Every structure is written in C-alpha cells, then in structure tokens.
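*Asks:* Read in order, the letters of the sequence shown are residues 5 to 278 in the working numbering.
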Amino acid sequence: MVALKGVGIGLRREHHADILRTERHVDWLEVITENFIDHGGNSIRLLDEVRERWPIGLHGVSMSFGGPDPLPDDYLSHIAALCDRLGAEEYSDHLCFSGAHGVFFADLLPLPQTHEAVEHVAKRIRYVQEALGRPVMIENISYYAEIPGNEMGHSEFVTRICEQADCGLLLDCNNVFVNSFNHGGDPLERMLELPLDRVGRIHLAGHKYKGQPPMAIDNHGSPVPDPVWELYDAALARTGQVPTLIEWDLEIPDLDRVLDERDKAAVIWERHGG
Ligand SMILES: [Fe+2]
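#1: By DSSP's criteria, Phe-108 is part of a beta bridge. Which residues make up the other side?
#2: Compute every distance between the C-beta of His-207 and the non-hydrogen atoms of ligand 1, then say whether any falls below 8 Å.
#3: Relative to the C-alpha of Glu-38, which candidate in Pro-191, Ser-81, Val-6 has its C-alpha closest?
#4: Cβ-heavy atom distance between Asn-186 and ligand 1 below 8 Å?
#5: Just to check my reading of the structure: Val-54 and Ala-269 have Cβ atoms closer than 8 Å, yes? What is that Cβ distance to the nearest angstrom?
#6: Taking 8 Å as the threshold, find out whether the region 80 to 100 comes into contact with the region 47 to 62 through three or more Cβ pairs.
#7: Using beta-carbon positions only, say whether Ser-146 and Ala-220 come within less than 9 Å of one another.
#8: Under 8 Å Cβ to Cβ from Val-162, same chain only, skipping five residues before and after it: list those, please.
#9: Based on the DSSP secondary-structure assignment, which residues constitute the bridge partners of Val-203?
#10: When you compare the CB positions of Ile-272 and Val-246, do they come within less than 9 Å of one another, or not?
#11: So the candidates are Asp-170, Ser-184, Asp-42, Val-107; which of them puts its Cα closest to the Cα of Val-287?
#12: Within the present structure, is the beta-carbon of Asp-176 separated from the nearest heavy atom of ligand 1 by less than 8 Å?
#13: Starting from Gly-61, follow the alpha helix (DSSP H) in both directions and report where the run begins and ends.
#14: What does the Cβ neighbour count give for Leu-15, buried or exposed, with the cut at 16 atoms within 10 Å?
#15: Would Gly-157 be called buried (16 or more neighbouring beta carbons within 10 Å of its own) or exposed?
#16: The beta strand (DSSP E) that contains Asp-42, what's its start and end?
#17: Going by beta-carbon coordinates alone, are Asp-52 and Arg-89 separated by less than 9 Å?
#18: Of the residues Glu-120, Val-232, Leu-235, Tyr-79, which one's Cα is nearest the Cα of Val-132?
#19: Taking Cβ to Cβ, would you say Asp-176 is nearer than 9 Å to Leu-136?
#20: Is Glu-251 near ligand 1, going by C-beta to nearest heavy atom under 8 Å?
#21: What are the partner residues of Ser-96, as DSSP defines its beta bridges?
#22: With a threshold of 8 Å, establish whether the CB of Glu-297 neighbours any heavy atom of ligand 1.
#23: So the candidates are Arg-130, Ile-41, Pro-217, Pro-116; which of them puts its Cα closest to the Cα of Leu-75?
#24: Would you call Leu-235 buried or exposed, if buried means 16 or more other Cβ atoms sit within 10 Å of its Cβ?
#25: Tell me the residue span of the beta strand (DSSP E) that contains Thr-248.
#26: In three-state terms, what does DSSP make of Lys-127?
#27: According to the Cβ coordinates, are Asn-178 and Asp-222 closer than 9 Å?
#28: From what residue to what residue does the alpha helix (DSSP H) around Leu-235 run?
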C-alpha cells in the first residue's frame, strides 16, 4: 500500500503515451475505476507500468451510494481486486445516486437531504468499506436542482453521513464554488461548514458559465479559476497538506498544460507544510 502525498493529475486516455515519457514531476495519478474494470490486456498493462513510477489513487463514478438498488457484489469485488493490484489505500466515489430500479443514468444526481437518506447512505458506505477492506471517501458533488423535501442543508447532510458511516470526505473545491454560485451562500462559509477534519483528498477543476442568468457548470474543461484557488488555500490552512488532484476532463489540453496547473497547486500545497 502506498500513501498518496502531494499533487497529482487524473490519468486520461489522451495522455497515456505522454505520461510515460514525461520527465516533469507528478506526485501521484488518479485513475477512474470504471475506465479499467473489465478491460484486460493493454489497459491493465498500462496501469502496471504507470504504477511502477507513481502511486495511484482510485476514484469511482458509478457506486451510486444513495441509490435504491443493491450494491452489486461483482462490481465491488472488481474494485477490491483493482485496489489490491494498484496498492490503493482507500477508495472514493460520489455522494449521489446514479440509477434506480435497474436503470443507470450515467450521471451524479443529488439526494433528498433527509434523515432517512442519511441512514441509507451511511449504511451502504459501511457495507462498501467492509467489502473493499479499506476506508471510503465520499465526494461532495455539484448539483443543479434542490430535491424537494430536504430536512437539512447540504453541509449538515454531508457531515451526518460522514459521521454515521465513519468515512472520509473527498473535498471538491470547484463543486463548493459552483454550488454556492448556483444556490447562494458564500463559498468559503459553505466549505467551512463541511467536516474538514475528515478530508482525505482534494479535487480542483474549472467550470464554465451558461445561460441567462448565468449558471456555473462543473465541466472540468478549463484551468482552475482564482476563486477556486482561494478556496483551496483556505482548505489547506485547515486540513494541512492533503493529497490534491487537478481534474481536466473536457477539451483536454496537452499534458504539459495540465502539469502547469499541477505545478501551481503544488506551490500552494508546499506553503502549507511543516
Ligand atoms: Fe471532483
């Protein structure tokens, strides 16, 4: 098992060849689980090769912690096997639901912020932690509509789940900003309400604005904007040096441009050492 440290980038298909050739510094790589489950041969060989050079963090996109359907045991055993193979100490996915009654929506959808949902999600996180034999972190998602019938605010919802499940928080600073822009509230205040003592990883990304009045859309298609850098700085001031990731998933530029962004994050990360 290898503990992650420093600032990494997401491993994206566009960079598979270049990442193995680059001489620039990267502390670790984050791999999207679903891109490699059930893909044998070259895909797995690439991961083995990458793993020789960098520690790997695994991140999933389809656990559907909040969904009503049973968590598939074969999916969990594939994840456990991948974690073992890559030496991943913990596992992360999103606080959301992605399907219901056998229909998979391929999206990260918000949950009703109710006591019943807290119980349901926390129970499922505990189940996954047991099945994987390692701690789980849940990521705060960006959401574009409030589900009717909320019994608590988003921060309280996240906090209660983390406490009941005894799990970690993957803090996405861009998602905090996007939610504040779209639903109101000061982003720093919103972030400080989250259980920062449980943060085990941080995500940074860019967003865009669409429509009139504008909505912020968490599209991961641009550099990290200034307000998100400010949140990151403020987060590290509370959490200390937490492994950090630059996410760039749309309009992906060449590897060097993503690494430039990584270097910027690394300057802030270093400042919070010691
Ligand atoms: Fe994220």
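Every residue, glycine too, gets a C-beta built ideally from N, C-alpha and C. From a predicted model like this one, the values you see are computed outputs, not experimental measurements.
*Replies:* So, from the data block:
#1: Answer by DSSP bridge pairing, in chain order: Gly-103.
#2: Result yes, Cβ under 8 Å from ligand 1.
#3: Restricting attention to Pro-191, Ser-81, Val-6, the CA atom closest to the CA of Glu-38 is found in Ser-81.
#4: Here the distance from the Cβ of Asn-186 to the nearest heavy atom of ligand 1 is not below 8 Å.
#5: Not confirmed; about 20 Å, so no contact.
#6: Contact holds: three or more Cβ-Cβ distances are below 8 Å.
#7: Cβ distance < 9 Å, so Ser-146 and Ala-220 count as in contact.
#8: Counting only Cβ-Cβ distances below 8 Å, and skipping sequence neighbours, we find Leu-99, Ile-142, Asn-144, Leu-173, Leu-198, Pro-199.
#9: Answer is Leu-173.
#10: Judged by their CB atoms, Ile-272 and Val-246 are not nearer to each other than the 9 Å cut-off.
#11: Shown here, the chain extends from 5 to 278; a query on residue 287 therefore has no answer.
#12: Answer for Asp-176: yes, Cβ within range of ligand 1.
#13: No alpha helix (DSSP H) contains Gly-61, which is instead part of the beta strand (DSSP E) from 60 to 63.
#14: Burial call: buried.
#15: Classification of Gly-157: exposed, given that the 10 Å Cβ count is below 16.
#16: First-last for Asp-42: undefined, no H or E at that position.
#17: Contact: yes.
#18: Checking every option, the nearest Cα to that of Val-132 belongs to Tyr-79.
#19: Not in contact: Asp-176 and Leu-136 (Cβ atoms no closer than 9 Å).
#20: Glu-251 Cβ: within cutoff of ligand 1.
#21: Answer by DSSP bridge pairing, in chain order: His-63, Met-141.
#22: The requested residue 297 does not occur in the structure, where the chain is confined to residues 5 to 278.
#23: Residue nearest to Leu-75 within the set Arg-130, Ile-41, Pro-217, Pro-116 is Arg-130 (criterion: CA-CA distance).
#24: Classification for Leu-235: buried.
#25: First-last of the beta strand (DSSP E) with Thr-248: 248 to 250.
#26: Lys-127 sits in a helix when the DSSP states are folded into three classes.
#27: Yes, Cβ-Cβ distance for Asn-178 and Asp-222 is below 9 Å.
#28: Its alpha helix (DSSP H) spans residues 230 to 243.
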